[in-house]
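Written below as C-alpha cells is the structure these notes are about.
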Ligand SMILES: [Zn+2]
C-alpha cells in the first residue's frame, strides 16, 4: 500500500528526498527546490497546499487521517488495557477505554489538521507566495483577476453603462 520513491532533481539529478522516502499525501509547498542547482521541482502529487487540492483529494486526506486515528486508538486501547487487565471482568468495560482512546487520538488528529490547514492558508495569504505559485504554474490567475481595483475603472464606461448609452 505504501510506495517508496526517490525524487531526483529534473535538472541535475541530485536526490531531493535524500534517498527513498514514503510517498504520501501531505499539506505543504507543492514544489521542492533543489539544494544543489536551486531549480524548482514539482512535488504536488505528494504534497500541496490545502487551497490547491481538489475536492476528491481533500476528502481522501480527511478520510486517511480519520482512518489513521481509528487505528491509533485501537492500539492505544490495547496499551491502556494491559495494566487494567486484572480489573476488567466484562467485555463492555472496554468501551469507555476505547472511547477515551478515540477521544485522545481523534482530538490529536483534529488539532494537527487545524494546524496544517491554518499554516497552509497563512502561506496562501501572502501575495509574494501566490505570485511564486503563479509563476511555477500552480495558480492559473490571481484571485479576482477580473476585478481590478475600483480606482482603475474610473472614467471607463462599464458594459452596462455602454448598453444604456446605446439606447
Ligand atoms: Zn538540481
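Residue numbers (UniProt numbering): 1 to 167. We put the beta carbon where it would ideally sit given N, CA and C, even for glycine.
Since residue 20 contacts residue 41 with CB under 8 angstroms, what's their CB separation in whole angstroms?
Between residue 20 and residue 41 the beta-carbon gap is near 16 angstroms, outside 8 angstroms, which marks them as no contact.
Per DSSP, the bridge partner or partners of residue 75:
Note: residue 75 is not bridge-paired with any residue in the DSSP secondary-structure output.
According to DSSP, what are the bridge partners of residue 8?
For residue 8, which the question treats as bridged, DSSP gives the partners 15.
Neighbourhood of residue 154 by C-beta distance below 7 angstroms, restricted to the same chain and skipping five residues each side:
Because the pLDDT of residue 154 is 34, which lies under 50, any placement of that residue in the model is unreliable, and the number read from its coordinates should be weighed accordingly. Apart from sequence neighbours up to five positions away, no residue of its chain approaches residue 154 with a beta-carbon distance below 7 angstroms.
Taking 8 angstroms as the cut-off, decide whether the C-beta atoms of residue 44 and residue 30 are in contact.
Yes; because the gap between Cβ atoms is below 8 angstroms, this pair is in contact.
Hey, would you say residue 107 sits closer than 8 angstroms to residue 77, going by beta carbons?
At a Cβ-Cβ threshold of 8 angstroms, residue 107 and residue 77 do not count as neighbours.
With DSSP as the reference, label residue 25 as helix, strand or coil.
When DSSP states are grouped into helix, strand and coil, residue 25 belongs to the coil group.
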